[in-house]
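Residue numbers (this note's numbering): 3 to 354.
Cβ coordinates follow ideal geometry from the N, Cα and C atoms, glycine included.
Read through the structure below, which is laid out as structure tokens, and then see the notes.
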Ligand code: NAP
Ligand code: ZN
């Protein structure tokens with residue numbers, strides 16, 4: 003066991019504060035990682051505020067982790083001390099079920115172990131990346147290619163994986179029209195990825211305020227969803243729409259933007275538990291409505307390699323741990339350009 007500085011939410015209603023947590027001793031197949039950077043995902047905010055149900059407090063969020071290997075267990079084969087590595091949203095799964103065997107550990111039929119707020123195999127509660135170090139079994143560690151700096155790579159571990167997976171699953175590429183709703187953490191990476199895959203990319207943002215950024219990130223078109231004309235102009239246009247908005251949308255209106263057999267993928271996780279299913283809008287064009295949850299480990303590695311090949315990192319604002327609560331407020335007011343990343347250097351244990 004080792005004691006590591008961290009930032010934790012004491013409850014659903016209090017700001018995150020400095021604390022310390024215990025990391026387990028490095029087991030035979032474990033990797034000890036010195037965390038360099040951790041992105042702030044909107045899911046961190048949903049989680050610590052209890053919007054997805056009760057949480058075990060104190061809770062250290064953070065599942066966009068980038069750092070270097072500081073120690074390895076004796077049976078570790080994939081990593082060596084000094085390697086540049088990342089950890090995303092999942093740190094364990096059964097490894098036996100059909101979904102795990104298919105490399106889709108996030109859909110483990112026996113329940114995957116999330117990077118924070120989950121009960122680990124040893125009965126302890128997992129604690130995330132807003133801390134100086136983490137211990138993770140090597141199967142849930144990925145390699146960050148040398149071409150990617152650790153700070154811009156960190157958000158790829160969730161935002162990159164979450165957007166890459168449905169873009170691949172639904173065939174984004176040349177000749178395909180892809181729309182991204184919301185130019186935030188997930189959205190801006192989605193634009194870069196879809197553009198690099200060769201798709202024609204449209205951003206659907208609340209206003210035209212970030213149009214120049216969207217175009218610089220690779221969007222071919224940019225429309226304001228606050229303008230009703232957008233929905234008339236773009237009716238029946240898209241092969242694929244990725245919805246990164248965390249709140250409720252008028253789903254029927256957005257489904258109308260899909261062409262025949264078009265696919266609408268929700269990524270944003272509304273605090274509202276149910277949607278009212280827009281049957282007429284689905285029926286009108288044999289449209290598909292689905293959801294997508296992060297990506298498996300193999301696909302996360304594929305995404306990182308793709309990003310290295312295409313020079314894709316997140317666009318980030320680096321903050322200190324003391325600025326986390328202010329950053330949360332800015333994310334909530336859509337004032338994020340385009341991912342906050344915590345420099346965790348000050349959270350390293352004194353002995354490290
Ligand atoms: P984010 O940085 O806050 O981006 C969300 C964007 O949605 C905002 O920048 C804003 O873009 C738009 N938006 C916000 N409020 C809106 C509203 N009321 N109506 C319309 N548009 C609105 O958040 P994120 O980190 O990208 O995460 C987005 C969502 O995905 C969160 O719910 C998060 O929990 C979820 N998520 C899901 C997965 C998964 O595996 N499925 C993984 C990670 C995150 P504009 O200013 O351009 O409109
Ligand atoms: Zn996330």
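May I ask you to report which of helix, strand or coil DSSP gives residue 334? Under the three-state reduction of DSSP, residue 334 is assigned to helix.
For residue 255, is the beta carbon positioned less than 7 Å from some heavy atom of the ligand NAP? For residue 255, the CB stays at least 7 Å from every heavy atom of the ligand NAP.
Contact test: residue 248 Cβ vs the ligand ZN heavy atom, cutoff 7 Å: It does not: the Cβ of residue 248 is nowhere closer than 7 Å to a heavy atom of the ligand ZN.
Report yes if the C-beta of residue 114 is less than 7 Å from at least one heavy atom of the ligand ZN; otherwise report no. Not a single heavy atom of the ligand ZN lies less than 7 Å from the C-beta of residue 114.
Would you say the beta carbon of residue 45 comes nearer than 7 Å to a heavy atom of the ligand ZN? True, at least one ligand heavy atom lies under 7 Å from that Cβ.
What ranges does the alpha helix (DSSP H) occupy inside the stretch 291-316, keeping only unbroken runs of at least 4 residues that lie completely in it? Within the stretch 291-316, the complete alpha helix (DSSP H) runs of at least 4 residues are 299-312.
Across which residues does DSSP place residue 49 in a beta bridge pair? Answer is none; residue 49 lacks a bridge partner.
What would DSSP say about residue 193, mapped onto helix, strand or coil? Of the three classes helix, strand and coil, the one that applies to residue 193 here is helix, per DSSP.
Taking C-beta to C-beta, are residue 134 and residue 6 nearer than 8 Å? In this structure, residue 134 sits near residue 6, with a CB-CB distance shorter than 8 Å.
Presumed contact (8 Å Cβ cut-off) between residue 87 and residue 69, rounded CB distance: Residue 87 to residue 69, Cβ: 7 Å. Contact.
Whole-number beta carbon distance between residue 78 and residue 31, since they are thought to touch under 8 Å: Their Cβ separation, rounded to whole angstroms, is 6 Å, which keeps residue 31 and residue 78 in contact under 8 Å.
Opposite residue 8 in the DSSP bridges: which residues? Beta-bridge partners assigned by DSSP to residue 8: 21 and 133.
I'd like to check one pair, residue 124 with residue 26: are the Cβ atoms closer than 8 Å? Result yes, Cβ atoms of residue 26 and residue 124 sit closer than 8 Å.
Own chain residues within Cβ distance below 8 Å of residue 15, not counting five before or after: Apart from sequence neighbours up to five positions away, the residues of its chain that approach residue 15 with a beta-carbon distance below 8 Å are 51, ordered along the chain.
The ligand NAP heavy atom lying under 7 Å from the CB of residue 160: Closer than 7 Å to some heavy atom of the ligand NAP: that describes the Cβ of residue 160.
Measuring straight from C-alpha to C-alpha, what distance separates residue 174 and residue 200? The straight-line gap from Cα to Cα measures roughly 8 Å.
Return yes when the C-beta of residue 179 is under 7 Å from any heavy atom of the ligand NAP, and no when it is not. Flag unset: Cβ of residue 179 not near the ligand NAP.
Could you tell me whether any non-hydrogen atom of the ligand NAP is closer than 7 Å to the CB of residue 328? Within 7 Å of the C-beta of residue 328 there is not a single heavy atom belonging to the ligand NAP.
Tell me the residue span of the alpha helix (DSSP H) that contains residue 213. Residue 213 -> alpha helix (DSSP H) spans 213-219.
Looking only at C-alpha atoms, which of 109, 309, 258 and 64 sits nearest to residue 90? Between residue 90 and the set 109, 309, 258 and 64, the nearest pair of CA atoms involves 64.
When the distance is taken between beta carbons, is residue 241 closer than 8 Å to residue 270? With a cutoff of 8 Å on beta-carbon distance, residue 270 and residue 241 are scored as not near each other.
What are the residues that DSSP puts in a beta bridge with residue 1? Missing from the structure shown is residue 1; the chain here goes from 3 to 354 and no further.
Using a 10 Å radius around the Cβ and a threshold of 16 neighbouring Cβ atoms, would you call residue 341 buried or exposed? The residue is buried, with at least 16 neighbouring Cβ atoms inside 10 Å.
DSSP beta-bridge partners for residue 116? Note: residue 116 sits in a beta bridge opposite 92.
Can the beta-carbon of residue 127 be found closer than 8 Å to that of residue 35? At a Cβ-Cβ threshold of 8 Å, residue 127 and residue 35 do not count as neighbours.
Nearest to residue 22 (by Cα), restricted to the options 62, 163, 57 and 39: Nearest option by C-alpha distance: 62.
Taking Cβ to Cβ, would you say residue 114 is nearer than 8 Å to residue 95? The Cβ atoms of residue 114 and residue 95 lie closer than 8 Å to each other.
The beta strand (DSSP E) enclosing residue 62, as first and last residue numbers: Per DSSP, residue 62 lies in no beta strand (DSSP E) segment and is marked neither H nor E.
Would you say the stretch 307-321 touches the stretch 329-341, given that touching needs at least three Cβ pairs under 8 Å? Flag = yes, the stretch 307-321 and the stretch 329-341 touch.
Report the residue from 230, 248, 249 and 246 whose alpha carbon sits nearest the alpha carbon of residue 258. Closest option to residue 258, Cα to Cα, is 230.
Proximity test, residue 110 beta-carbon vs the ligand ZN heavy atom, cut-off 7 Å: For the ligand ZN, not one heavy atom lies less than 7 Å from the Cβ of residue 110.
So, helix, strand or coil for residue 69, using DSSP? Correct three-state label for residue 69: strand.
Using only CA atoms, which one of 262, 255, 297 and 197 lies nearest to residue 278? Nearest to residue 278 by alpha-carbon distance, out of 262, 255, 297 and 197, is 255.
With residue 177 and residue 309 assumed to form a contact (beta carbons below 8 Å), what rounded beta-carbon distance in angstroms separates them? With 8 Å as the limit, residue 177 and residue 309 do not qualify as a contact, their Cβ atoms being about 23 Å apart.
In three-state DSSP terms, what is residue 264? If DSSP states are grouped into helix, strand and coil, residue 264 belongs with the strands.
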